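Trainee: Numbering (my numbering), first residue to last: 1285 to 1480. C-beta atoms are modelled at their ideal positions from N, C-alpha and C, and glycine is treated no differently. Note that the structure is a prediction, hence the values are computed from the model and not measured. Sending over a structure as structure tokens; questions will come in a sec.
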Amino acid sequence: CLSARDAAEAAARGWQLVGPDPAGRPNYRLYRHADGCGAEQVVARANMQTGRFTCHTCDEGWLTAPSSIYLLEFTLPNGTALVKLGFSRDAHSRLFHQILLDKTISARVVRVVPMPSGLIALRREKQLHGILAAELPQARVPIATFAGVLKVKTEIYWPVAAARIHALLDTEVARLANRRPRRSAARGTPRRRRNA
């Protein structure tokens, strides 16, 4: 039953199916944010299935919301193996709904490193690509190798880069584990002058 499937997909994302779209659009449903603020909103079924939406009432924007840096692995139809380093709030959704053009190729999420925010994930991901470009410039795969199979055009590497990527991600995990919240002085508090 389609309704039962819609309800199960919503529950998996922390939402509750309320009913059909009040505007009558067949590919949309009305949902309630069950694991959040309780607000109701209309969401496309495809977006509920893939997680490509946010609660209009309580969700943070991608810059401040928790995110992650991921490592993906592909095997193209001709047997060519590739890896991708990137960032996303939902690595599985990114892989299967935004990267793959050919859904029959073998692909998997190898590793996900949680990051405090999308902005931090973006910055760190760019730094990691910079390190790879400097250390392993030959590991970047030409676009022609995966054109027509993957939707992306950059940040695809030969498997030789995988060990270095894992080492960089290990460093990220250790760095985040040792990260301490910064203390900030209260606004408006005058600084004490030192005696000369």
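Which stretch, first to last residue, makes up the beta strand (DSSP E) that contains Ile1481?
Mentor: The requested residue 1481 does not occur in the structure, where the chain is confined to residues 1285 to 1480.
Trainee: For the alpha helix (DSSP H) containing Glu1324, list its first residue and its last residue.
Mentor: Here Glu1324 belongs to no alpha helix (DSSP H); instead the beta strand (DSSP E) covers 1324-1328.
Trainee: Out of curiosity, what's the CA-to-CA distance linking His1450 and Cys1321?
Mentor: 37 Å
Trainee: If the criterion is Cβ atoms closer than 8 Å, does the pair His1376 and Val1393 meet it?
Mentor: yes
Trainee: So, with DSSP's three-state summary, where would you put Val1425?
Mentor: coil
Trainee: On a CA-only basis, which of Arg1297, Val1444, Gly1402, Asp1305 is nearest Tyr1354? Give me that one, please.
Mentor: Gly1402
Trainee: Excluding the five sequence neighbours on either side, which residues of its own chain have a C-beta within less than 6 Å of the C-beta of Lys1410, listed in chain order?
Mentor: none
Trainee: Roughly how many angstroms lie between the CA atoms of Arg1407 and Ala1445, to the nearest whole one?
Mentor: Roughly 20 Å separates the two Cα atoms.
Trainee: Based on DSSP bridge pairs, tell me the residues matched to Val1367.
Mentor: Glu1357, Tyr1441
Trainee: Per DSSP, what kind of secondary structure is Arg1378 in: helix, strand or coil?
Mentor: helix
Trainee: Tell me whether the segment 1323-1338 and the segment 1410-1428 touch, counting them as touching only if at least three CB pairs, one residue from each stretch, are closer than 8 Å.
Mentor: no
Trainee: Quick one: is Leu1379 buried, meaning 16 or more other Cβ sit within 10 Å of its Cβ, or exposed?
Mentor: buried
Trainee: Please state whether DSSP places Ala1470 in a helix, a strand or coil.
Mentor: Only weak support exists for where Ala1470 lies, its pLDDT of 42 falling under 50; the coordinates are left without a value.
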